[in-house]
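Q:
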Amino acid sequence: SALLRQCHQRAKDILLEHRQHLDMIANLLLERETLDGRDVEEIVRHGKIPAKEEAQPKESASQPDGPDGSAPSSAPIQS
Numbered sequence: 001s002a003l004l005r006q007c008h009q010r011a012k013d014i015l016l017e018h019r020q021h022l023d024m025i026a027n028l029l030l031e032r033e034t035l036d037g038r039d040v041e042e043i044v045r046h047g048k049i050p051a052k053e054e055a056q057p058k059e060s061a062s063q064p065d066g067p068d069g070s071a072p073s074s075a076p077i078q079s
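Here the sequence shown is numbered in this note's numbering, starting from 1 and rising by one per residue.
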């Protein structure tokens with residue numbers, strides 16, 4: 001029971017410590033609906049909201065992505 005209270009308090013302290021960044025992320029999500037890792041990293045590291053980048057066209061699905069320029073294999077990865 002004491003361990004649970006201690007962990008709960010630690011979690012609250014961490015959230016309160018980073019509240020400003022969490023609020024910035026929440027507001028940006030409301031504005032843009034999606035964020036990528038770079039957006040979150042900019043907020044956490046620099047404390048500022050990143051400028052909205054122009055939408056860049058995604059690469060065509062017909063372009064090969066394999067290491068030798070061929071289409072990637074659909075075979076399952078063996079471990």
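Here a beta-carbon is modelled for each residue, glycine too, at the ideal position from N, C-alpha and C.
Which residue marks the beginning of the alpha helix (DSSP H) containing E42, and which one marks its end?
A: Position 42 of the sequence shown holds residue 42. Unbroken alpha helix (DSSP H) run through E42: 37-46.
Q: Exposed or buried, I14, counting other C-beta atoms within 10 Å across all chains shown (16 or more means buried)?
A: On the sequence shown, residue 14 is found 14 positions in, with the first residue counted as 1. The residue in question, I14, is exposed, as its Cβ has fewer than 16 Cβ neighbours within 10 Å.
Q: Taking the alpha helix (DSSP H) that I14 falls in, what are its first and last residues?
A: The residue given as residue 14 occupies position 14 in the sequence shown. 2-17 is the span of the alpha helix (DSSP H), which, as asked, contains I14.
Q: Using three-state DSSP, classify A51 as helix, strand or coil.
A: Looking up residue 51 in the sequence shown gives position 51. Coil at A51, not helix or strand.
Q: Can you tell me whether E33 is helix, strand or coil according to DSSP?
A: Counted from its first residue, the sequence shown places residue 33 at position 33. Coil.
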